[in-house]
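Novice:
Chains as they are written, first to last, in this note's numbering: chain R, 1 to 250; chain A, 1 to 250.
So, in structure tokens, the structure goes:
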């Protein structure tokens with residue numbers, strides 16, 4: 001099995017190392033990831049600038065390719081220019097911090113997997129729901145299990161999986177839930193500050209956690225100590241509203 | 001009516017001037033837009049850096065606020081920090097180049113309107129289907145018509161409109177179609193080149209046009225000389241696949 005791994009925390013992050021160490025037991029792994037952190041880049045791609053690619057070592061051995069691009073760039077570049085064979089699976093992660101609710105729109109991690117699905121490859125985004133003292137082991141071994149399941153069963157064309165693992169001890173994880181994207185967002189605002197030169201700047205901040213009580217949502221599953229798996233797709237059409245919109249007098 | 005305008009071509013682009021000149025006849029317009037082009041940034045937001053805001057003049061008069069952020073940043077900043085009142089409508093555009101099919105995932109223009117909808121405001125993205133010699137007049141006056149329609153009728157919470165205007169003379173435009181997002185993408189690839197210092201770089205290129213024969217798609221409408229209006233939303237859940245996915249043996 002040929003597996004492509006990317007992420008948005010950058011090629012030197014612990015999360016991608018953990019994912020690599022686990023998935024290499026399941027197949028032949030190629031890593032193509034951003035050379036620095038690219039969090040919250042959404043589904044950005046680089047058009048106005050060239051992309052650079054460099055070989056990266058880890059513990060004295062070749063590890064993968066870093067690029068100057070976004071996660072979506074990395075997947076496009078891997079499939080169109082770097083890999084000799086199309087991968088059978090694309091994994092993006094393991095992200096530091098959960099990707100649930102409406103915040104997945106901003107997620108570079110999800111966008112790496114979305115680009116894989118756009119290019120016709122079964123794709124999985126995986127995140128660990130913490131920003132501090134992450135222990136990626138359970139998420140990494142669950143990723144390997146998912147790789148086998150995704151090969152055995154099949155993902156429909158254009159559908160990817162968005163996986164979020166709660167940051168608790170393995171034995172305390174209560175199971176796996178298939179979920180829907182919660183309609184909740186972070187409660188964010190801007191800090192207005194003055195720089196040392198007397199000029200104003202704004203910095204996005206907020207309460208980067210979510211509350212939800214919908215039993216089927218990704219946010220609820222993670223809050224209740226369960227692994228959340230949301231099937232997502234990228235036809236954004238609001239099909240239900242089409243009939244109503246046709247009545248507007250254009 | 002309070003209207004917020006943003007775009008992804010930057011605050012000095014002809015498309016935003018045309019939209020402003022038209023919409024100010026319909027209400028009180030605030031412009032908050034990127035200080036330079038931010039095409040293909042998707043739904044990126046800026047977390048790791050502060051945002052700067054500057055006042056921009058046009059023809060010797062105050063025109064709006066430029067920011068160092070993305071279109072999504074601009075809308076967030078406008079609503080959370082710059083505008084005294086929440087806008088009644090958010091417009092993003094007029095973009096140079098169509099935003100149809102799967103390519104809307106990469107679109108900064110669409111993402112500006114998506115951020116408006118995320119913040120609970122009726123929002124519209126508008127694009128002109130050409131990269132050369134644009135004449136924004138018809139798109140601009142259609143935007144004003146849409147502003148009135150969106151006030152009179154109502155957009156459901158979480159639904160925005162993605163509008164694409166064909167780049168042909170007004171009198172040749174054949175009407176308006178309510179459409180679905182085409183499942184087609186650009187056919188893109190990378191040019192591999194060597195820089196003056198002997199180092200390799202990659203530059204994304206491709207056939208940035210789409211073909212489709214689905215009668216209801218955005219791509220088809222524009223190709224046939226019609227204005228395309230696609231209602232879009234941001235619940236990415238593949239609801240149809242949930243039952244099937246629950247059968248996987250996690």
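Each residue gets a CB set at the ideal place from its N, CA and C atoms; glycine is no exception.
From a predicted model like this one, the values you see are computed outputs, not experimental measurements.
1) Quick check on residue 252 of chain A: does DSSP put it in helix, strand or coil?
2) Could you please tell me which residues of the segment 41-61 of chain A, in chain order, have their CB closer than 9 angstroms to any CB of chain R?
3) With a threshold of 6 angstroms on Cβ separation, who are the neighbours of residue 112 of chain R within its own chain once the five nearest residues in sequence on each side are excluded?
4) How would you list, in chain order, the residues of chain A whose beta-carbon sits under 7 angstroms from the beta-carbon of residue 165 of chain R?
5) Answer yes or no: does any C-beta atom of chain A fall closer than 8 angstroms to that of residue 210 of chain R?
6) Rounded to the nearest angstrom, what separates residue 28 of chain R and residue 3 of chain R at their Cα positions?
7) Considering just the uninterrupted stretch of the beta strand (DSSP E) at residue 59 of chain R, what are its terminal residues?
8) Find out if the Cβ-Cβ distance for the pair residue 258 of chain R, residue 124 of chain R is shorter than 8 angstroms.
9) Strictly under 8 angstroms for the Cβ-Cβ distance: is residue 81 of chain R near chain A by that measure?
10) Run down chain A in chain order and give the residues with a C-beta less than 7 angstroms from the C-beta of residue 95 of chain R.
11) What span of residues does the beta strand (DSSP E) with residue 201 of chain A cover, start to end?
12) Does the contact criterion of 3 or more C-beta pairs under 8 angstroms hold for the segment 227-234 of chain A versus the segment 206-225 of chain R?
13) What does residue 230 of chain R reach in chain A if we use C-beta pairs closer than 7 angstroms?
14) Taking residue 159 of chain R as the query, report the chain A residues whose CB atoms sit under 8 angstroms from its CB, ordered along the chain.
15) State the start and end residues of the unbroken alpha helix (DSSP H) segment that holds residue 222 of chain R.
16) Please list, in chain order, the chain R residues whose beta carbon lies closer than 8 angstroms to that of residue 183 of chain A.
17) Listing by chain order, which chain A residues have their CB less than 9 angstroms from the CB of residue 114 of chain R?
18) Please list, in chain order, the chain A residues whose beta carbon lies closer than 7 angstroms to that of residue 102 of chain R.
19) With the cut-off set at 8 angstroms, would you say residue 184 of chain R and residue 212 of chain R are in Cβ contact?
20) How about residue 22 of chain A and residue 144 of chain A: do their beta carbons lie closer than 8 angstroms?
21) Please check if any C-beta of chain R sits within less than 8 angstroms of the C-beta of residue 246 of chain A.
22) Measure the C-alpha to C-alpha separation of residue 240 of chain R and residue 77 of chain A and round it to an integer number of angstroms.
23) Which whole-angstrom value describes the C-beta separation of residue 105 of chain A and residue 73 of chain A, a residue pair presumed to lie in contact below a C-beta threshold of 8 angstroms?
24) Determine the closest residue to residue 247 of chain R out of A:155, A:234, A:245, with distance taken between C-alpha atoms.
25) Rounded to the nearest angstrom, how far is the Cβ of residue 41 of chain R from that of residue 40 of chain A, given a contact under 8 angstroms?
26) Let me know the secondary structure DSSP gives residue 142 of chain A once reduced to three states.
27) Please confirm whether residue 81 of chain A and residue 190 of chain R have their CB atoms less than 8 angstroms apart.
28) What would DSSP say about residue 85 of chain A, mapped onto helix, strand or coil?
29) Check whether the Cβ of residue 153 of chain R lies closer than 8 angstroms to any Cβ atom in chain A.
30) Compute the Euclidean distance between the alpha carbons of residue 114 of chain R and residue 235 of chain R, then round it to the nearest angstrom.
31) Can you list, in chain order, the residues of its chain with a C-beta nearer than 6 angstroms to that of residue 107 of chain A? Leave out the 5 residues immediately preceding and following it.
32) Nearest-angstrom Cα distance between residue 65 of chain R and residue 170 of chain A?
33) Give the straight-line distance between the Cα atoms of residue 131 of chain R and residue 133 of chain A, rounded to the nearest whole angstrom.
34) I'd like to know whether the C-beta atoms of residue 101 of chain A and residue 182 of chain A end up nearer to each other than 8 angstroms.
35) Quick check: is the beta carbon of residue 20 of chain A nearer than 8 angstroms to any beta carbon in chain R?
36) What did DSSP end up calling residue 101 of chain R once you bin it into helix, strand or coil?
Specialist: Working from what's here:
1) The question about residue 252 of chain A has no answer here: the residues shown for chain A are numbered 1 through 250.
2) Residues 41, 42, 43, 44, 45, 46, 47, 48, 49, 50, 51, 52, 53.
3) Sequence-distant partners of residue 112 of chain R (beyond 5 residues in either direction) whose C-beta falls short of 6 angstroms from its own C-beta, in its chain, are 6, 71, 75, 92.
4) Correct list: empty, because the minimum Cβ distance to chain A is about 12 angstroms.
5) no
6) 6 angstroms
7) It is not in any beta strand (DSSP E) - residue 59 of chain R carries neither H nor E in the DSSP assignment.
8) In this structure chain R extends from 1 to 250, so residue 258 of chain R is not present and cannot be described.
9) yes
10) Within 7 angstroms Cβ-Cβ: nothing; residue 95 of chain R doesn't reach chain A, min ~14 angstroms.
11) 200-207
12) no
13) 237
14) 238, 241
15) For residue 222 of chain R, the enclosing alpha helix (DSSP H) covers residues 218-223.
16) 158, 235
17) Chain A residues near residue 114 of chain R: 105, 236.
18) Those within 7 angstroms of residue 102 of chain R in chain A are 118, 234.
19) In this structure, residue 212 of chain R lies closer than 8 angstroms to residue 184 of chain R by Cβ.
20) Result yes, Cβ atoms of residue 22 of chain A and residue 144 of chain A sit closer than 8 angstroms.
21) yes
22) 31 angstroms
23) Their Cβ separation, rounded to whole angstroms, is 18 angstroms, which puts residue 105 of chain A and residue 73 of chain A out of contact at 8 angstroms.
24) A:155
25) Cβ atoms of residue 41 of chain R and residue 40 of chain A stay farther apart than 8 angstroms, at about 11 angstroms.
26) helix
27) yes
28) Looking at residue 85 of chain A - three-state DSSP - the assignment turns out to be coil, as it is neither helix nor strand.
29) yes
30) When rounded, the distance between both Cα atoms is 11 angstroms.
31) So the list reads 99, once near-sequence residues are dropped.
32) 50 angstroms
33) 48 angstroms
34) yes
35) no
36) helix
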